[in-house]
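Q: Here the working numbering is used: position 44 in the sequence shown is 52, and no number is missing along the way.
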Amino acid sequence: MRRVLKCGTLYDGSGDAPRQDLAVFLLGEVVEKVVPWRDAKINDGVLVVDYSNQVVTPGFIDAHVHLVFTCQENHDLGREILEKSSREELMAVALRNCADSLLGGVTTVRDLGDIGYVTVTVRNLVNKGIMPGPSIFVAGPPITTTAGHLHFCKNTADTVEEIRKAVRNSCEQDVDVIKVMASGGNMTRGSNPMMPQYEVEELRALVNEAHRLKRRVAAHTLESESIRRAIAAKVDTLEHCTWRGLTPEDNDPQHLVDLLKDSETMVTLTLAGIHRSLLGVHSGLSEIIISSSMAASPTGKLNQDFAWTKALIKNKIDVALASDAGVRFTSFRDFNESVEAAIVALDIKLEQAISMATQVAAKALGISETVGTIQTGMQADLNVFEKPGSGRNLGKIKDVYRKGSRIVADANLVFPAEEAFGTLNISTGQEGS
Numbered sequence: 009m010r011r012v013l014k015c016g017t018l019y020d021g022s023g024d025a026p027r028q029d030l031a032v033f034l035l036g037e038v039v040e041k042v043v044p045w046r047d048a049k050i051n052d053g054v055l056v057v058d059y060s061n062q063v064v065t066p067g068f069i070d071a072h073v074h075l076v077f078t079c080q081e082n083h084d085l086g087r088e089i090l091e092k093s094s095r096e097e098l099m100a101v102a103l104r105n106c107a108d109s110l111l112g113g114v115t116t117v118r119d120l121g122d123i124g125y126v127t128v129t130v131r132n133l134v135n136k137g138i139m140p141g142p143s144i145f146v147a148g149p150p151i152t153t154t155a156g157h158l159h160f161c162k163n164t165a166d167t168v169e170e171i172r173k174a175v176r177n178s179c180e181q182d183v184d185v186i187k188v189m190a191s192g193g194n195m196t197r198g199s200n201p202m203m204p205q206y207e208v209e210e211l212r213a214l215v216n217e218a219h220r221l222k223r224r225v226a227a228h229t230l231e232s233e234s235i236r237r238a239i240a241a242k243v244d245t246l247e248h249c250t251w252r253g254l255t256p257e258d259n260d261p262q263h264l265v266d267l268l269k270d271s272e273t274m275v276t277l278t279l280a281g282i283h284r285s286l287l288g289v290h291s292g293l294s295e296i297i298i299s300s301s302m303a304a305s306p307t308g309k310l311n312q313d314f315a316w317t318k319a320l321i322k323n324k325i326d327v328a329l330a331s332d333a334g335v336r337f338t339s340f341r342d343f344n345e346s347v348e349a350a351i352v353a354l355d356i357k358l359e360q361a362i363s364m365a366t367q368v369a370a371k372a373l374g375i376s377e378t379v380g381t382i383q384t385g386m387q388a389d390l391n392v393f394e395k396p397g398s399g400r401n402l403g404k405i406k407d408v409y410r411k412g413s414r415i416v417a418d419a420n421l422v423f424p425a426e427e428a429f430g431t432l433n434i435s436t437g438q439e440g441s
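1. So what does DSSP say about residue 272, is it helix, strand or coil?
2. Might you give, ordered along the chain, the residues of its own chain that have their beta carbon closer than 8 angstroms to the beta carbon of residue 17, omitting 5 neighbours on each side?
3. For a minimum of 4 consecutive residues, which ranges assigned as the alpha helix (DSSP H) are wholly contained in the segment 48-108?
4. Counting only runs of 3+ residues fully inside the segment 349-403, write out the beta strand (DSSP E) ranges in chain order.
5. Check whether the segment 358-370 and the segment 323-335 are in contact - that is, three or more C-beta pairs closer than 8 angstroms.
6. In whole angstroms, what separates the C-alpha of residue 133 from that of residue 139?
7. Under 8 angstroms between the Cβ atoms of residue 185 and residue 224?
8. Which two residues bound the contiguous alpha helix (DSSP H) that contains residue 178?
9. Mapping the DSSP letters down to three states, classify residue 346 as helix, strand or coil.
10. Between the alpha carbons of residue 87 and residue 42, how many angstroms are there, rounded?
11. Decide if residue 35 is buried, meaning its Cβ has at least 16 other Cβ atoms within 10 Å, or exposed.
12. The alpha helix (DSSP H) with residue 127 in it runs from where to where?
13. Going by the CB atoms, is the gap between residue 214 and residue 151 shorter than 8 angstroms?
14. Does DSSP put residue 12 in a helix, a strand or coil?
15. Do residue 165 and residue 211 come within 8 angstroms of each other at the CB atom, strictly closer than that value?
16. Would you give the residue range spanned by the beta strand (DSSP E) that residue 338 belongs to?
17. Looking at the structure shown, is residue 231 part of a helix, part of a strand, or coil, going by DSSP?
18. If you reduce the DSSP assignment to three classes, tell me which class residue 149 lands in.
19. Along the chain, where does the alpha helix (DSSP H) that runs through residue 416 open and close?
20. If you draw a straight line from the alpha carbon of residue 98 to that of residue 119, how long is it in whole angstroms?
21. Check whether chain C comes within 8 angstroms of residue 24, counting only Cβ atoms and requiring the distance to be less than that.
22. I need the straight-line Cα distance from residue 422 to residue 264, nearest angstrom please.
23. For residue 209 versus residue 168, is the C-beta distance shorter than 8 angstroms?
24. Please look up how many angstroms separate the CB atoms of residue 68 and residue 38, rounded, as I've assumed it's under 8 angstroms.
25. Given a threshold of 16 other Cβ atoms within 10 Å of its Cβ, counted over all protein chains shown, does residue 192 qualify as buried or as exposed?
26. Going along the chain, which residues of its own chain have a beta-carbon closer than 8 angstroms to the beta-carbon of residue 24, five neighbours each way excluded?
27. On the criterion of 16 or more Cβ atoms from any shown chain inside 10 Å, does residue 154 qualify as buried, or is it exposed?
28. Report buried or exposed for residue 207, applying the criterion of at least 16 other Cβ atoms within 10 angstroms of its Cβ.
29. What are the partner residues of residue 409, as DSSP defines its beta bridges?
30. Which one of 351, 335, 14 has the shortest CA to CA distance from residue 84?
31. What would DSSP say about residue 143, mapped onto helix, strand or coil?
Laid out in structure tokens, this is it:
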């Protein structure tokens, strides 16, 4: 089916300034062409959708989520629910979070940690058109050490041979990417987020095995030494990539720049609800949550916590933007708040933040040839925002297209996705998870 979107304002995902008054031609699942509206030649019978008073962007790509997590107010409760839930309950949570992702304009997610490979089944249900959801890339349970971060997800490995076997087992379960916990984490009591979990040779064995089996590797890194080791091992993405440690060098952003400037390893910055609250873009949080946010911030002001990220961007090192949706305070429907938080935290323009969440995120996932920008031949994943953005705010989601079909219409989920306008809306509701 061919249709034409008349776009008042278009951010194409490249990082360039927005353009005005364009026609985006969709043919089936792809973008056929993008031309100025005044030059558009439209045949009789072609459906024209008028977004002349709206803002259009590529569909967001959230490069770091946890679909089976429940967005609780503290890590302990989130873990308790995760461990006590049945497989069927976890699948229901994941499917709800898939729907919320779409309602938030997220058309692609990379899930970086579950239990029991539940998200593999969820991905397959979405791919078959049985249930609504974004495009999903899954890691299954993350590989970690005994008593390490997220060890309760039950994929521990402590030696080179165990690590290789864990990679093979995950690939046998049909994962798309391998996730490894290179440092401890905040969600797991007893693990130390300020210490690495694996030696370089262990990480290198994991990367070599994953790459042999044609899977990319995402490494959780919350401190400087784990980042050094992960880069030396040639992981594909550094998740969180928090450059901090116990020495002056471990806290100097220039050292991170020097490590990455000639590396193929990319960085994924996660701006979760805990970050959004301190940056003044997350409304309705209690004083308890704000206090918790302050405790989670090294400086107490998150716009001062990102010197390392600013240094990378200044040196033209790609940084993808993600949300860590599913962890405390971080719903799947509010990804736009992470975009806004990035603008505040990093002192960048809206078009740059959108690019971090689209084109750069696609590059981090290894899918930039098919998604992430609005241009000829790319998959037609698009968001339409209700009001033109000003400064740092895009406004509210109106419509979402996934593979050329409108799957969110007037802020309501449409399933099966429309092949023609007029399909019934079957899901409503505006509260975040």
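All residues carry an ideal CB built from backbone N, CA and C; glycine is no exception.
A: To lay it out plainly:
1. Residue 272 falls in the coil class under three-state DSSP.
2. Excluding residues up to 5 positions away in sequence, 26, 27, 28, 62, 63, 64, 396, 397 lie with their Cβ nearer than 8 angstroms to the Cβ of residue 17 in the same chain.
3. Every alpha helix (DSSP H) of 4 residues or more that sits fully in the segment 48-108 is shown, in chain order, as 83-92.
4. 390-393
5. In short, these stretches touch, since the Cβ pair count reaches three.
6. 6 angstroms
7. yes
8. 168-180
9. DSSP places residue 346 within a helical segment (H, G or I) once states are collapsed to three.
10. In a straight line, the C-alpha of residue 87 is about 46 angstroms away from that of residue 42.
11. Answer is exposed; the Cβ neighbour count stays below 16.
12. Element bounds for residue 127: 126-135.
13. yes
14. Under the three-state reduction of DSSP output, residue 12 falls in the strand class.
15. No; because the gap between Cβ atoms is not below 8 angstroms, this pair is not in contact.
16. That residue, residue 338, is in no beta strand (DSSP E); it is neither H nor E in DSSP.
17. coil
18. Reduced to three states, the DSSP call for residue 149 is coil.
19. No alpha helix (DSSP H) holds residue 416; the beta strand (DSSP E) holding it covers 413-417.
20. 14 angstroms
21. Absent here is chain C; the protein component of the structure consists of one chain.
22. 44 angstroms
23. yes
24. The pair is not a contact, with the Cβ atoms about 18 angstroms apart (cut-off 8 angstroms).
25. Result: buried.
26. 359
27. exposed
28. Label assigned to residue 207: exposed.
29. According to DSSP, which records beta bridges pairwise, residue 409 is partnered with 390, 414.
30. 335
31. strand
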